[in-house]
Every structure is written in C-alpha cells, then in structure tokens.
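> Just passing along the structure, written as structure tokens.
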Amino acid sequence: MSAADRATSAVKSGAKRLLARTGFDIVRTTHRGGVDDFIPFEATMRAARAAGLSVGDHIDQVMNGTPGATQHTIDELRALGVYAGGPKTVLEIGPGSGRYLEKTLKECTPARYEIYETAGPWANYLVEAFGVVARPTEGSSLAPTPDDSVDLVQAHKVFNTVTFLCAARYFFEMARVARPGGRIVFDVMTEECLDPDAVRTWATKGGTGHGSYPAPLPRGTCVDLFATLGCTLQGSFLAPLGVASTEVLVFGKDV
Ligand SMILES: C[S@@+](CC[C@H](N)C(=O)[O-])C[C@H]1O[C@@H](n2cnc3c(N)ncnc32)[C@H](O)[C@@H]1O
271 MSAADRATSA
281 VKSGAKRLLA
291 RTGFDIVRTT
301 HRGGVDDFIP
311 FEATMRAARA
321 AGLSVGDHID
331 QVMNGTPGAT
341 QHTIDELRAL
351 GVYAGGPKTV
361 LEIGPGSGRY
371 LEKTLKECTP
381 ARYEIYETAG
391 PWANYLVEAF
401 GVVARPTEGS
411 SLAPTPDDSV
421 DLVQAHKVFN
431 TVTFLCAARY
441 FFEMARVARP
451 GGRIVFDVMT
461 EECLDPDAVR
471 TWATKGGTGH
481 GSYPAPLPRG
491 TCVDLFATLG
501 CTLQGSFLAP
511 LGVASTEVLV
521 FGKDV
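Using this note's numbering, you'd call the opening residue of the sequence shown number 271 and step up by one each time.
Okay, structure coming up:
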C-alpha cells in the first residue's frame, strides 16, 4: 500500500468511527455505477418516527423540503392512466426508502411487487414492511424477471444518480420485462430541466456533486431508444429533483 493509499484509508476509517459515534450508518451498495451510498437507514427511520411522519413523508417534507412531491408524481401518473388497468405485477428499481412503493400500493394491489435495490438495510425493510420480493441486484440486470411479465416497471430518482452505462443497460432490461400493454415509468434530468437558470442553480447550490449525481440524459435519446424497443412515449411531466427538476417519462409497451 502506498503512503497516499494509507492516508486515504486512515481518513476513511476515522470518518466511519465518527459516523458510528453519531449513530449514523453508511449504506454501502454492492454496485459501483454512481452514487454508492444511500441515506442511512437507522438514523432516517428514527428521525421520521420522532417527527411522527412516514419515512417517505419525512424525506419529502424534512430532508428535501418538498412536501407532497411524491404524492404529486403519483397523482400525475394516475392522471396518465398508469394504474387504470390495475397492475398485477410491479417491478421497481432502486426503491430506497419505499416512498413511491408505499404510495403505489395505495393505487393498486399487485399480486407480486419485485424490487431491485442495492442498499441492503432498505431492501430488507421493504420486504418486511410491505411483503415485496427483493431480487439479487448486480449492476443493471433484471435477469431473475422473465420477459414480458410485468405490468408496471418503474424507477424514481435513480437514473440521475447512476452512470450513463448503468441507466442505459437498465433501459434495455425494463423494455424486456414489461409485458405488451404494460407501462414503463422513470425520470431523467433531460434538457427540459436544464435551462440556463437551472444550470446556474445546480452550479451554485447543487452541493458537492457526490459521485455521478446529478447525471443528465437527453430526452430524445430515451424516447428514440424505447421506440426501437417497441415502447411509445405516452406522457411526461416535471418533478422536483435536488435544487431543480427531473422529467418523468411514461412509456407504454406496444401490444
Ligand atoms: C436517490 S435514491 C432514490 C430512492 C427512491 N427511489 C426515492 O426516490 O426515494 C437512488 C436509489 O437507487 C439505489 N441504487 C443505486 N444503484 C442501483 C442499482 N445499480 N440498481 C438498483 N438500485 C440502485 C440506491 O440504493 C437508492 O435506493
């Protein structure tokens, strides 16, 4: 080990000891595609309980300062008919705290809800609390899920935290597992979210730029790619992301 490596390692273990003393645990994922630490499980749950809020509402109201943001996205998805057919199978990539999962389960009662989540403590909590099925999560693969088998495939606030390759590989997988007539829902930080004012806001108030967050992706790239995979854009809308916004895209897989 070089002197530089030893110094880095000492700083890292010092930071871990400090975090442990304050009661925080770092959730380290198995995947190295982008932001590899999700918010700490124990501390977030404790803070939500103390505030008398569900963990999702705590994240919206207290941590993000955007009360009602998750519910607004759900309302927009309902208006676009995403829950109209009563999805029987749902698959979510990167549900994290489950703030979208919880509200999705208020809109429909699927017989199977699969999650692919790299943060172990959060995945375990979602299995316990909501009876979902956690699939082994490596890179960008949905391999355990058969082709054409899922009514609603979704990912929220995931593809602006991972690398381009991670997102692109998931896109192919999402199109593969969606059943004909099913829906694919995800958000990306497109050019619709990146006018000069928004870029200035990110540059001046966007935090430390941890990992690959926030990673943009062109809207046309997504729409054109999904078209080649037999999926048509049915609607889109903006939702808050960090100090600016992200664009939620809703695709239908052609019958
Ligand atoms: C910014 S969080 C969003 C969490 C949740 N969807 C929400 O909006 O509150 C990104 C989530 O994606 C997860 N994640 C990161 N890389 C992933 C990967 N390759 N596959 C599946 N989940 C991943 C993280 O652990 C985290 O739960």
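From the three backbone atoms N, C-alpha and C, an ideal C-beta is built for every residue, glycine too.
Check for me: the alpha helix (DSSP H) holding Glu-443 runs from which residue to which?
The residue given as residue 443 occupies position 173 in the sequence shown. 434-447 is the extent of the alpha helix (DSSP H) around Glu-443.
> Ignoring anything shorter than 3 residues, give me the beta strand (DSSP E) runs that lie fully in the stretch 325-409, in order along the chain.
Counting whole runs of 3 or more residues, the stretch 325-409 contains the beta strand (DSSP E) stretches 359-363, 382-386, 403-405.
> Let's test the definition: count the other Cβ atoms within 10 Å of the Cβ of Lys-523 and tell me whether it reaches 16, buried, or not, exposed.
Stepping through the sequence shown from its first residue, residue 523 is reached at position 253. Buried.
> Does any heavy atom of ligand 1 sit closer than 7 Å to the C-beta of Phe-308?
For the purposes of this step, residue 308 is taken as residue 38 along the sequence shown, with counting starting at 1. Yes, ligand 1 has a heavy atom inside 7 Å of this Cβ.
> Can you list, in chain order, the residues of its chain whose CB lies under 7 Å from that of Gly-505, leaving out five sequence neighbours each side?
Residue mapping note: residue 505 aligns to position 235 of the sequence shown, counting from 1. For Gly-505, where only same-chain residues beyond five positions count, the Cβ hits under 7 Å are Leu-350, Val-520.
> Could you give the DSSP three-state label for Gly-543: helix, strand or coil?
The chain is shown only over 271 to 525; residue 543 falls outside these bounds and no answer can be derived.
> Look at the alpha carbon of Val-432 and the alpha carbon of Thr-388, and state the distance between them as a whole number of angstroms.
As a working note, residue 432 is residue 162 in the sequence shown. As a working note, residue 388 is residue 118 in the sequence shown. Between Val-432 and Thr-388, the C-alpha separation is close to 12 Å.
> With a Cβ-Cβ cutoff of 8 Å, do Pro-380 and Pro-416 count as a contact?
On the sequence shown, position 110 is the one that residue 380 refers to. On the sequence shown, position 146 is the one that residue 416 refers to. It is not a contact, given that the beta carbons lie outside the stated cut-off.
> Go through its chain and collect everything with a Cβ distance to Val-403's Cβ below 6 Å, but skip five positions before and after it.
Mapped onto the sequence shown, residue 403 falls at position 133. Glu-384, listed in sequence order.
> Glu-517 and Leu-508: beta carbons closer than 8 Å?
Here residue 517 corresponds to residue number 247 of the sequence shown, with the count starting at 1. Here residue 508 corresponds to residue number 238 of the sequence shown, with the count starting at 1. Contact: yes.
> Is any heavy atom in ligand 3 found nearer than 7 Å to the beta carbon of Gly-476?
Judged by which ligands are present, ligand 3 is missing from the structure shown, whose ligands are ligand 1.
> Tell me whether the stretch 463-470 and the stretch 436-445 touch, counting them as touching only if at least three CB pairs, one residue from each stretch, are closer than 8 Å.
Output reads no: the stretch 436-445 does not touch the stretch 463-470.
> In whole angstroms, give me the CA-to-CA distance for Gly-247 and Pro-365.
Outside the displayed span of the chain (271 to 525) sits residue 247, for which this structure offers no information.
> Along the alpha helix (DSSP H) that carries Val-525, what are the first and last residues, could you check?
Taking the sequence shown and counting its residues from 1, the one referred to as residue 525 is at position 255. Here Val-525 belongs to no alpha helix (DSSP H), and DSSP marks it neither H nor E.
> Between the C-alpha atoms of Pro-406 and Pro-337, what's the straight-line distance to the nearest angstrom?
Stepping through the sequence shown from its first residue, residue 406 is reached at position 136. Stepping through the sequence shown from its first residue, residue 337 is reached at position 67. Taking the straight line joining both Cα atoms gives about 32 Å.
> Determine the extent of the beta strand (DSSP E) in which Val-423 is found, giving its start and end residues.
Along the sequence shown, one-based indexing puts residue 423 at 153. Residues 420-425.
> Could you give the distance in angstroms between the alpha-carbon of Gly-355 and the alpha-carbon of Glu-377?
For the purposes of this step, residue 355 is taken as residue 85 along the sequence shown, with counting starting at 1. For the purposes of this step, residue 377 is taken as residue 107 along the sequence shown, with counting starting at 1. So the alpha carbons of these two residues sit roughly 11 Å apart.
> CA-CA distance, Pro-391 and Met-315?
Taking the sequence shown and counting its residues from 1, one reaches residue 391 at position 121. Taking the sequence shown and counting its residues from 1, one reaches residue 315 at position 45. Taking the straight line joining both Cα atoms gives about 11 Å.
> Please state if the CB of Ala-413 and the CB of Leu-499 are separated by a distance shorter than 8 Å.
Here residue 499 corresponds to residue number 229 of the sequence shown, with the count starting at 1. Here residue 413 corresponds to residue number 143 of the sequence shown, with the count starting at 1. Going by C-beta atoms, Leu-499 is not nearer than 8 Å to Ala-413.
> Does DSSP classify Asp-457 as helix, strand or coil?
In the sequence shown, counting from the first residue as 1, residue 457 sits at position 187. In the structure shown, Asp-457 sits in a strand (DSSP, three-state: E or B).
> Measure the C-alpha to C-alpha separation of Val-394 and Phe-308 and round it to an integer number of angstroms.
Locating residue 394 in the sequence shown gives position 124, counting from the first residue. Locating residue 308 in the sequence shown gives position 38, counting from the first residue. In the sequence under discussion, the amino acid at residue 394 is Asn, which differs from the Val named in the question. C-alpha separation (whole angstroms): 14 Å.
> In its own chain, which residues sit with a C-beta less than 7 Å from the C-beta of Gly-512, not counting the 5 before and 5 after it?
Translated into positions along the sequence shown, residue 512 becomes position 242. These residues qualify, in order along the chain: Gly-476, Pro-484.
> Using only the alpha-carbon positions, how far apart do Val-458 and Val-493 sit?
For the purposes of this step, residue 458 is identified with residue 188 of the sequence shown, where counting begins at 1. For the purposes of this step, residue 493 is identified with residue 223 of the sequence shown, where counting begins at 1. Straight-line Cα distance between these residues: approximately 11 Å.
> Given Val-397, which residues of its chain have a CB within under 7 Å of its CB, disregarding the five upstream and five downstream residues?
Here residue 397 corresponds to residue number 127 of the sequence shown, with the count starting at 1. Correct list, in chain order: Ala-404.
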